[in-house]
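One gets my numbering by counting positions in the sequence shown from 1 and adding 2 to each.
Note that CB positions come from ideal geometry on N, CA and C, so glycine has one too.
Worksheet: the structure to be examined is printed underneath.
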Amino acid sequence: MALAAERRTAARLLLAYPLVVSEGPHADVFPLIRRHADWLGKRFQQVLGYRLLVDSSYARLFKAGLGAGSGRQLERSTGTPFTPHTYACLALALSVLVTAPGQMLLSQLVADIRAAAADAGIEMEETGRVAGKRTLVAALRQLVDWGVLIETEGHVAAIAQEAGGEALITVDRELARVVVAGPLAQARDGADLVRRAADPGFGGPRTYVRRILVETPVVHLDELTDAERDWLRTRQRREAQAFSELLGLEMEIRAEGVALVDPEEELTDLHLPGTGTIAQAALLLVERLVERLRPQEPGHPATGGTLVIGVAVPGELVDEVLSGLIADYGQRSNWQRGYVEDLPSLREAVLDLLVRMRLMARAGRLRAEGEGLLDGYVEEPPEGRTVTDVHGARPGGEGWVLLAAAARYATQVTVRRSAAADKGADVQGEFPL
């Protein structure tokens, strides 16, 4: 039991923090990673197709992507998401640091980044301006957080000082080399890199489904191809046991999809319910949308019902509900003034959270319809196997869609037990949307 617990602790940490350094915030668990490196490496490769590199001073789990719109955004210390320019600064800094000396002055690093940008034909914002300096500082602070840069004397924030401050920086070239996980040499451009990173390789549907289960809050069936849905539905009980043993996660199986739940609430960077204006407004918005839009008789196809994975949200309804929430809770709950006075900004932030939680989505083509698949990734389920039909399970066209899992956050929840469940089929019930 102790051995299994140690391995599970190490695996959970690597999944949440794919780059762990021996002197960093998780130094207490790093010895467990080194102790079980061989076992962890084999298990991550077998289950998720991830490569694990463990060195004397760091451990790097090379994760793969899940396709467009599924990435985890980096944020500044203020919580503001990185802009494309901040990502550009980060990439340019890494390109310089892989061959940089062990120590260098901050001013030299900035000069080298500018030179790299010029060589690559990239236009950088004027670093002499306040906004440009802060953007570069945000990128360098991220490298400090990862351990790639060490502030030996002074701080990288000195760039933003009015007089142009200086600092002495220590560089960990090895860490700089292992930060990037995607197939850069093979990709034609950024969009191609995202597609190639999501390629499950020889593991095919098995690997992709496992990855999306682990890396996302919930997986709706129409987010999978026919072969992927078939693989999941025929093996989900066995997979539930495997994920429980490896990561301590529990699988919830519903007619509309599957979710892996962490009882300890550690393996997520998203929290709902949560604190703060955005999380509170998002929870209240979801409750009210479910109350208004819940279909009357959703069912499972196995029992002759109609599978409902999503329902259309009328264009004006989100603003109508948010305006009411601002009136009812804005002042009383001490919501941030900037959001209370700026409805479009509140709407954008709330919908962004709900999309990342997979509770709402933009209408459009889905993976089940071939969207986002690499050329050649056309695998069919075994001949004669019946696969759940997801056609029409959510509306097409344009606008917003409220997804089935959103009903988990409704004030009142009705659980229906289907005849299929009574017969022992792989359907526990339905998200009661």
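Quick check on residue i: buried or exposed, where buried means 16 or more other Cβ atoms within 10 Å of its Cβ?
i: R62; result: buried
i: H222; result: buried
i: L376; result: exposed
i: G203; result: exposed
i: K65; result: buried
i: T277; result: exposed
i: V98; result: buried
i: A200; result: buried
i: R208; result: buried
i: R45; result: buried
i: R256; result: buried
i: A13; result: buried
i: H38; result: buried
i: A283; result: buried
i: V292; result: buried
Under a three-way DSSP split, which group does residue i fall into?
i: G398; result: coil
i: F245; result: helix
i: P83; result: strand
i: T129; result: With a pLDDT of 49 at T129, under the threshold of 50, the modelled position of this residue cannot be trusted, and the question is left open.
i: E293; result: helix
i: Y19; result: coil
i: G259; result: strand
i: V180; result: helix
i: T277; result: coil
i: R339; result: helix
i: I124; result: coil
i: E254; result: strand
i: Q2; result: As displayed, the chain neither begins before 3 nor continues past 435, which places residue 2 out of reach and without an answer.
i: L376; result: coil
i: L287; result: helix
i: R369; result: helix
i: L55; result: strand
i: Q105; result: strand
i: L404; result: strand
i: E77; result: strand
i: L186; result: coil
i: L234; result: helix
i: R334; result: coil
i: R9; result: helix
i: L453; result: Outside the shown range of the chain (3 to 435) lies residue 453, about which nothing can therefore be said.
i: D147; result: helix
i: L94; result: helix
i: L138; result: helix
On the DSSP letters alone, give me the boundaries of the alpha helix (DSSP H) that residue i sits inside.
i: G326; result: 319 to 327
i: R197; result: 192 to 199
i: T209; result: 206 to 217
i: Q47; result: 39 to 50
i: R358; result: 345 to 358
So, for residue i: in the same chain, excluding its five sequence neighbours on each side, which residues have a beta-carbon less than 8 Å away from its beta-carbon?
i: H273; result: E267, A281
i: T129; result: Unreliable positioning characterises T129 in this predicted model, as indicated by a pLDDT of 49, which lies under 50. The coordinate reading is nonetheless provided below. Cβ within range, chain order: V112, R116, K135, L138, I161.
i: S347; result: G340, Y341
For residue i, which residues from the same chain have a beta carbon less than 6 Å from its beta carbon, with the 5 sequence-adjacent residues on both sides left out?
i: L55; result: R62
i: G307; result: G301
i: P154; result: Here the sequence assigns Thr to residue 154, which means Pro is not the residue at that position. Closer than 6 Å at Cβ, skipping near neighbours: L170, T172.
i: L151; result: L145, I171
i: I311; result: H222, D224, E258, A395, R396, A406
i: V315; result: W402, L404
i: V59; result: The question names Val, yet the displayed sequence has Ser at residue 59. Once the five neighbours on either side are set aside, the close Cβ partners of S59 are S24.
If you drop the 5 nearest sequence neighbours on each side, which residues of the same chain put their C-beta closer than 7 Å to that of residue i?
i: E217; result: L68
i: A95; result: I115, A141, L142, L145
i: M106; result: I171, V173
i: Y19; result: H28
i: T11; result: V31, L34
i: V357; result: A363
i: P303; result: L309, T390, D391
i: G399; result: A365
i: R367; result: E373
i: D428; result: Low confidence applies here, because D428 scores a pLDDT of 42, under 50, leaving its location unreliable; read the following figure in that light. Around D428: R235, Q238, R239, I255.
i: R349; result: V320, D321, L324
Specify, as a first and last residue, the run of the beta strand (DSSP E) that residue i falls within.
i: G312; result: 312 to 315
i: E153; result: 151 to 155
i: V173; result: 170 to 173
i: A442; result: Here the chain covers residues 3 to 435 and nothing more, so residue 442 does not appear.
i: L223; result: Careful: L223 lies outside any beta strand (DSSP E) and carries neither H nor E.
i: M362; result: 362 to 364
So that I know if they touch, is there some Cβ in chain B lying closer than 9 Å to that of residue i?
i: R235; result: Among the chains in the structure shown there is no chain B, since it carries only a single protein chain.
Practice task
Pair every Cβ in the stretch 196 to 209 with every Cβ in the stretch 106 to 121, then say whether three or more of these pairs are closer than 8 Å.
Solution key: Judged by Cβ distances under 8 Å, the stretch 196 to 209 makes no contact with the stretch 106 to 121, as fewer than three pairs qualify.
Problem - Stretch-stretch touch, CB-based, cutoff 8 Å, three pairs: the stretch 360 to 378 with the stretch 400 to 414 - result: Between the stretch 360 to 378 and the stretch 400 to 414, the count of C-beta pairs closer than 8 Å reaches three or more; the two stretches touch.
Practice task
Say whether the stretch 218 to 236 touches the stretch 385 to 395, bearing in mind that this needs 3 or more beta-carbon pairs closer than 8 Å, one atom from each stretch.
Solution key: Yes, since at least three Cβ pairs between the stretch 218 to 236 and the stretch 385 to 395 fall closer than 8 Å, the two stretches touch.
Practice task
Examine the Cβ distances between the stretch 139 to 146 and the stretch 76 to 93 and report whether three or more of them are shorter than 8 Å.
Solution key: Output reads yes: the stretch 76 to 93 touches the stretch 139 to 146.
Practice task
Please determine if the stretch 89 to 96 and the stretch 234 to 244 are in contact, where contact requires at least 3 C-beta pairs separated by less than 8 Å.
Solution key: Flag = no, the stretch 89 to 96 and the stretch 234 to 244 do not touch.
Exercise for the section: Determine, using beta-carbon pairs with one atom in the stretch 324 to 337 and one in the stretch 239 to 246, whether at least three such pairs fall under 8 Å. Expected result: Counting Cβ pairs under 8 Å, fewer than three are found: no touch.
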